[in-house]
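Going down the list, the sequences are from chains A and B. For the first sequence, position 55 (counting from the first letter as 1) is numbered 55 according to the numbering used here, and the numbering increases by one without interruption. Position in the second sequence (from 1) plus 1000 gives the number in the numbering used here. Backbone N, C-alpha and C define an ideal beta-carbon position, used for all residues, glycine too.
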Amino acid sequence: MGLLHFLILSMLLFVTGAVGFIVKRNIIAMFLCIELMLNAANLSFIAFSRFLNLVDGQIIVFFVMVVAAVEAAVGLAIIIALYRNRNTLSADDADSMKW
Amino acid sequence: MMETALFYLFAAAALASAVMVLVNRKVFYSALSLVICLCSVAGLYLILESPFIAAVQIIVYAGAIMVVFLFVIMLLDPFSSEILRDKKRCLAYIGVLLGVLAATILYPVLRAYNLARAPRNPGFIEGGAGSVARMGHALFSDYLLPFEMTSVLILIAVVGVVVLAKRQASG
């Protein structure tokens, strides 16, 4: 059970999240894919922390989780505001900032 | 080898549920798949000897954050409120049945559990990089400033969410 196993799994999870972020049209589904990518990054941090015997990786994952919680709260508030103003959950309909 | 078998079990569960997040057309099911994915990754953290992060992953990530997600999904997505109402009613009964089953299994285990005589894994408490002692020490010495700054960040986020989600008075 080496470091490589965990890094490959982390890469696969990250790619899954990235593909979902690009393919999905629903804003909440895109948001879920962001969480998936954060989770994949966390996994590689913990794997490096374990195999290099450094505590820093654990601390960074702790902070990533805090930021993820904050990001979820703010992002969902933005989604609620968008739904209230545009009455849609599709990212294609929120294009007023598109050039 | 127990550890290898568990790694492949959790890795397969994490990957399968991650793919299900993409494949599901209903965002409600995507969120539930993501909960399974987060719990599987928590199992991987335990294999990596990081019990604290694994616990935080389940309690904060799969618990608190995903509940906020599901709350917003049920608020905005009309489909999710229809699930419980009509054709998927049997799923609710199966859920209640499984919950009762889990409770009957867990209750005697938790009653018999004696914390003072429980077998301890010394590496989880002090020793490896994932141990609670080393993590706590690092968090309150080297990383004290970032730790305090996160509290300011959360305060800013709370104020921002109230401003964003507040119903505008007129236009």
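Can you tell me whether A/N87 is helix, strand or coil according to DSSP?
Residue mapping note: residue 87 of chain A aligns to position 87 of the first sequence, counting from 1. Coil at A/N87, not helix or strand.
Measure the beta-carbon distance from A/V74 to B/G1160 and round it to whole angstroms, keeping in mind my assumption that it falls under 8 Å.
On the first sequence, residue 74 of chain A is found 74 positions in, with the first residue counted as 1. On the second sequence, residue 1160 of chain B is found 160 positions in, with the first residue counted as 1. About 6 Å separates the beta carbon of A/V74 from that of B/G1160, a gap short enough to meet the 8 Å contact definition.
Under 7 Å between beta-carbons, which chain A residues line up against B/S1030? List them in chain order, please.
In the second sequence, the residue the question calls residue 1030 of chain B occupies position 30. Neighbours of B/S1030 on chain A, chain order: A29 and L32.
Helix, strand or coil: how does DSSP classify A/N26 here?
Translated into positions along the first sequence, residue 26 of chain A becomes position 26. A/N26 falls in the strand class under three-state DSSP.
Is the beta carbon of B/L1015 sitting closer than 8 Å to the one on A/L12?
Counted from its first residue, the second sequence places residue 1015 of chain B at position 15. Counted from its first residue, the first sequence places residue 12 of chain A at position 12. Taking 8 Å as the Cβ cut-off, B/L1015 and A/L12 qualify as a contacting pair.
Which residue marks the beginning of the alpha helix (DSSP H) containing B/S1017, and which one marks its end?
In the second sequence, the residue the question calls residue 1017 of chain B occupies position 17. For B/S1017, the enclosing alpha helix (DSSP H) starts and ends at M1002 to V1023.
Check each candidate in A/I46, A/C33, A/V55 and A/R25 and name the one with the smallest Cα separation from A/H5.
Reading the first sequence from its first residue, position 5 is the one you call residue 5 of chain A. Distance check between A/H5 and each of A/I46, A/C33, A/V55 and A/R25 places A/I46 closest, using alpha-carbon atoms only.
Closer than 8 Å to chain A by CB, B/I1053:
Sequence index remark: in the second sequence, residue 1053 of chain B carries index 53 (1-based). By this cut-off, B/I1053 is an interface position.
Going by alpha carbons, who is nearest to B/A1173 out of A/I22, A/I59, A/F31 and A/T16?
This structure gives no information on residue 1173 of chain B, because the portion of chain B shown stretches from 1001 to 1171.
Could you tell me whether any Cβ in chain B is nearer than 8 Å to the Cβ of A/A18?
Locating residue 18 of chain A in the first sequence gives position 18, counting from the first residue. A/A18 does not count as touching chain B.
Could you confirm whether any beta carbon from chain B is found closer than 8 Å to the beta carbon of A/I22?
Along the first sequence, one-based indexing puts residue 22 of chain A at 22. No, no contact with chain B.
Reduced DSSP secondary structure (H/G/I, E/B, other) of B/Y1113:
As a working mapping, residue 1113 of chain B is identified with position 113 in the second sequence. Here B/Y1113 carries a coil assignment [DSSP, helix/strand/coil].
Any beta carbon from chain A within less than 8 Å of B/E1148's own beta carbon?
Walking along the second sequence from the start, residue 1148 of chain B turns up at place 148. For B/E1148, no Cβ of chain A is located within less than 8 Å of the residue's own Cβ.
B/M1135, enclosing alpha helix (DSSP H) - first and last residue
Within the second sequence, residue 1135 of chain B is the residue found at index 135, counting from 1. Here the alpha helix (DSSP H) through B/M1135 covers V1132 to L1139.
Using a beta-carbon distance cut-off of less than 7 Å, what residues from the region 35 to 49 of chain A approach chain C?
The structure shown contains no chain C; the protein chains it does contain are A and B.
When we look at the beta-carbon of A/G20 and count the other beta-carbons within 10 Å, is it buried (16 or more) or exposed?
The sequence position of residue 20 of chain A within the first sequence is 20, counting from 1. Classified as buried, A/G20 has 16 or more neighbouring CB atoms from the shown chains inside 10 Å of its CB.
Nearest candidate by alpha-carbon position, reference B/V1067, set B/S1033, B/G1130, B/L1091 and B/V1023:
Here residue 1067 of chain B refers to the residue found at position 67 of the second sequence. A check of alpha carbon separations from B/V1067 across B/S1033, B/G1130, B/L1091 and B/V1023 identifies B/S1033 as the nearest.
Short CB-CB distance (under 8 Å) between B/Y1045 and chain A
Position 45 of the second sequence, counting from 1, holds the residue named residue 1045 of chain B. When Cβ-Cβ separations below 8 Å define contact, B/Y1045 makes contact with chain A.
Within 8 Å, strictly: CB atoms of A/L9 and B/A1011:
Stepping through the first sequence from its first residue, residue 9 of chain A is reached at position 9. Stepping through the second sequence from its first residue, residue 1011 of chain B is reached at position 11. Yes, Cβ-Cβ distance for A/L9 and B/A1011 is below 8 Å.
Between the region 1019 to 1037 of chain B and the region 19 to 39 of chain A, do at least 3 Cβ pairs fall closer than 8 Å?
The way I'd put it, the region 1019 to 1037 of chain B does touch the region 19 to 39 of chain A; three or more beta-carbon pairs between them come closer than 8 Å.
B/Y1039 and B/I1058 closer than 8 Å at C-beta:
Counting from one through the second sequence, the residue named residue 1039 of chain B turns up at place 39. Counting from one through the second sequence, the residue named residue 1058 of chain B turns up at place 58. Sequence inspection shows Cys at residue 1039 of chain B; the Tyr mentioned does not correspond to that position. Yes; because the gap between Cβ atoms is below 8 Å, this pair is in contact.
How should B/Y1061 be labelled, buried or exposed, when 16 other C-beta atoms within 10 angstroms of its C-beta is the threshold for buried?
Here residue 1061 of chain B refers to the residue found at position 61 of the second sequence. So B/Y1061 counts as buried.
Residue-chain proximity (B/T1004, chain A), Cβ-Cβ < 8 Å:
The residue labelled residue 1004 of chain B in the question sits at position 4 within the second sequence. Interface residue, yes.
A/C33, buried or exposed, once every other Cβ within 10 Å from all chains shown has been counted against 16
Numbered from its first residue, the first sequence carries residue 33 of chain A at position 33. Here A/C33 is buried: its Cβ has 16 or more other Cβ atoms, across all protein chains shown, within 10 Å.
Cutting at 6 Å between CB atoms, please list the residues of its own chain near B/G1130, excluding the five before and the five after it.
The sequence position of residue 1130 of chain B within the second sequence is 130, counting from 1. Contacts found: E1049 and S1050.
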